[in-house]
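Enquirer: Note that our numbering gives residue 393 to position 189 of the sequence shown, counting from 1, and the numbers run on in steps of one.
So that we are looking at the same thing, I have put the structure below in structure tokens.
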Amino acid sequence: MLLREIELLFNREPEELYQSARTIREKTLGKEVHIRALLEFSNCCQNNCLYCGLRKNNRLVQRYQLSKEAIVSLAKKADQEGYGTIVLQSGEHEDYTEEMTEIIQEIKSKTNLAITLSLGEHSKDTYESWRKAGADRYLLKIETTNENLYSKLRPECSLRKRISCLYNLRELGYQVGSGIIIGLPGQTIDDITRDLLFLKELDVEMLAIGPLIPHKNTPLNMSRKGSLELTLKTIAIGRIMLPYAHIPATTALRSLDSTAQAQALAIGANVLMIGITPKQFKEYYQIYPSSKPMNLASAKELIKSLGYTVGEGKGHSPKSPWKEVTTNA
Ligand code: SAH
Ligand code: SF4
Numbered sequence: 205m206l207l208r209e210i211e212l213l214f215n216r217e218p219e220e221l222y223q224s225a226r227t228i229r230e231k232t233l234g235k236e237v238h239i240r241a242l243l244e245f246s247n248c249c250q251n252n253c254l255y256c257g258l259r260k261n262n263r264l265v266q267r268y269q270l271s272k273e274a275i276v277s278l279a280k281k282a283d284q285e286g287y288g289t290i291v292l293q294s295g296e297h298e299d300y301t302e303e304m305t306e307i308i309q310e311i312k313s314k315t316n317l318a319i320t321l322s323l324g325e326h327s328k329d330t331y332e333s334w335r336k337a338g339a340d341r342y343l344l345k346i347e348t349t350n351e352n353l354y355s356k357l358r359p360e361c362s363l364r365k366r367i368s369c370l371y372n373l374r375e376l377g378y379q380v381g382s383g384i385i386i387g388l389p390g391q392t393i394d395d396i397t398r399d400l401l402f403l404k405e406l407d408v409e410m411l412a413i414g415p416l417i418p419h420k421n422t423p424l425n426m427s428r429k430g431s432l433e434l435t436l437k438t439i440a441i442g443r444i445m446l447p448y449a450h451i452p453a454t455t456a457l458r459s460l461d462s463t464a465q466a467q468a469l470a471i472g473a474n475v476l477m478i479g480i481t482p483k484q485f486k487e488y489y490q491i492y493p494s495s496k497p498m499n500l501a502s503a504k505e506l507i508k509s510l511g512y513t514v515g516e517g518k519g520h521s522p523k524s525p526w527k528e529v530t531t532n533a
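Pasting the structure below:
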């Protein structure tokens, strides 16, 4: 798909665009919506992303890290509650490489869950040990492919390194998730168009598109929120470009508008993430100010009310035949 064709999609009447995306979604993925359990097990981070409330220089947040036992026990509970996938997310730091390997092995041996990791940038060796331990998927958003914007927003990080991490994950056989933030200061439609081309080229199995929600204790505190319409249009175009990708109706969307996740599901998104982080820690995992979270029962109700069904099983990518790793490291 060429740049020009994507530009034309952005210029289409929203209703027409949404209808095309919905038709494609129902043709490729049917009516299933997958529900994932999201465990935010640590808010410690060595990075300083200008948009994020967990950035190292935000001294106003109390840092926490759940123990291995606590993580495994929450995973077991999620398994019993009927989730097919657990997403383990945290800030980025190198200390827990080995512990993480053990956590993955233990979750895999004690539950029937698929595991998605979202732990930032690590070496290929580290990604390999987690993959061999049984991790199935990895979510690493590129955030923006505009080099200038990237280096301003993610000081001391490099776009090139993030891209090489994504290709390493691909080589290691992960189902790769990536995505972007909509509404970054200075970001243009042309930038978003190029981001989508990059994600298409990488052929992601999961595409996460969420609006910027400014956090008061970050340098972007005075920025505007990402636009709902632009986020929805980008999701719809993402669906048209990547018909088989899993696309979450992100929690950031919910922070924009209480009906935004339902709108996203109606135009091509097919995944909901439900936070299972214990209450006493959740208040410290403020990447952005979040609205009241959705629980499992209300997620199921929402799915039904839209005429969709709750996805069965682990909800692996339907894009290609998926092989699970059975060998332990
Ligand atoms: N530390 C890991 C994973 C946790 S952050 C990483 O950075 O990859 C998960 C995602 O939160 C990021 O990819 C980013 O896209 C999103 N995020 C951070 N701050 C945000 C904000 N203020 N508004 C919207 N999304 C934000
Ligand atoms: Fe850390 Fe991720 Fe937040 Fe950046 S976005 S500061 S890497 S938690």
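Positions of the beta carbon are idealized from the N, C-alpha and C atoms, including for glycine.
Kindly list the residues whose CB is nearer than 7 Å to the CB of D283, restricted to its own chain and excluding five residues on each side of it in sequence; keep chain order.
Expert: Closer than 7 Å at the Cβ level, and outside the excluded window around D283, lie T315, N316, L317.
Enquirer: Mind checking who V237 pairs with in its DSSP beta bridge?
Expert: V237 is bridged to V514.
Enquirer: Could you tell me which of T320, E230, L254, R208 sits nearest to I491, measuring between CA atoms?
Expert: Checking every option, the nearest Cα to that of I491 belongs to L254.
Enquirer: Residue range of the beta strand (DSSP E) that G383 falls in?
Expert: 379-386 is the extent of the beta strand (DSSP E) around G383.
Enquirer: Taking the C-alpha atoms as reference points, what is the distance between G418 and G387?
Expert: As written in the sequence, residue 418 is Pro, which differs from the Gly given in the question. In a straight line, the C-alpha of P418 is about 10 Å away from that of G387.
Enquirer: Assign N532 to one of two classes, buried (16 or more other C-beta atoms within 10 Å of its C-beta) or exposed (fewer than that).
Expert: Model confidence at N532 stands at a pLDDT of 42, short of 50, so the residue's coordinates are unreliable and nothing is read from them.
Enquirer: Are the segment 475-482 and the segment 423-442 in contact at 8 Å, needing three or more beta carbon pairs?
Expert: Touching, no.
Enquirer: Would you please state the rounded distance, in angstroms, between the beta carbons of V265 and Y512? I believe it to be under 8 Å.
Expert: The Cβ separation is near 36 Å, so there is no contact.
Enquirer: Ligand 1 heavy atoms versus the CB of Q293: any closer than 6 Å?
Expert: Q293 Cβ: within cutoff of ligand 1.
Enquirer: Taking 7 Å as the threshold (C-beta atoms), are L344 and I370 in contact?
Expert: Per the sequence shown, residue 370 should be read as Leu rather than Ile. A contact, by the Cβ cut-off of 7 Å.
Enquirer: In three-state DSSP terms, what is E296?
Expert: The answer is coil: DSSP assigns E296 none of H, G, I, E or B.
Enquirer: Can you give me the Cβ contacts of Y378 inside the same chain, cut-off strictly under 8 Å, excluding the 5 residues immediately before and after it?
Expert: Counting only Cβ-Cβ distances below 8 Å, and skipping sequence neighbours, we find Y331, R335, A339, D340, R341, Y342.
Enquirer: Quick check: is any heavy atom of ligand 1 less than 6 Å from the C-beta of E302?
Expert: No, the beta carbon of E302 sits no closer than 6 Å to any heavy atom of ligand 1.
Enquirer: May I ask which residues mark the beginning and end of the alpha helix (DSSP H) holding I413?
Expert: First-last for I413: 410-415, but that is the beta strand (DSSP E), not the alpha helix (DSSP H).
Enquirer: Identify every run of the beta strand (DSSP E) within the segment 428-490, keeping only runs that are complete inside it and at least 3 residues long; order them along the chain.
Expert: Within the segment 428-490, the complete beta strand (DSSP E) runs of at least 3 residues are 475-479.
Enquirer: Write down the C-beta distance between L432 and A466 rounded to the nearest angstrom, noting that I regard them as a contact closer than 8 Å.
Expert: Actually they are not in contact, since the Cβ atoms of L432 and A466 sit about 12 Å apart, beyond 8 Å.
Enquirer: What residues are listed by DSSP as bridge partners for V291?
Expert: Per DSSP, L242, T320.
Enquirer: Taking the C-alpha atoms as reference points, what is the distance between C248 and Q293?
Expert: C248 and Q293: Cα-Cα distance of roughly 11 Å.
Enquirer: CA-CA distance, R366 and N251?
Expert: Roughly 13 Å between the two C-alpha positions.
Enquirer: May I ask which residues mark the beginning and end of the alpha helix (DSSP H) holding R335?
Expert: Element bounds for R335: 328-337.
Enquirer: Kindly identify the DSSP beta-bridge partner or partners of Y342.
Expert: Partner(s): L321, V380.
Enquirer: Quick one: does the C-beta of C248 sit closer than 6 Å to a heavy atom of ligand 2?
Expert: Every heavy atom of ligand 2 is 6 Å or more from the Cβ of C248, so no.
Enquirer: Pick helix, strand or coil for P497, following the three-state DSSP scheme.
Expert: It is coil, neither helix nor strand.
Enquirer: Does the Cβ of E244 have 16 or more other Cβ atoms within 10 Å, making it buried, or fewer, making it exposed?
Expert: Buried.
Enquirer: Quickly, what does DSSP pair E347 with across the bridge? List them, please.
Expert: DSSP, once it has assigned bridges, lists I384 as partnering E347.
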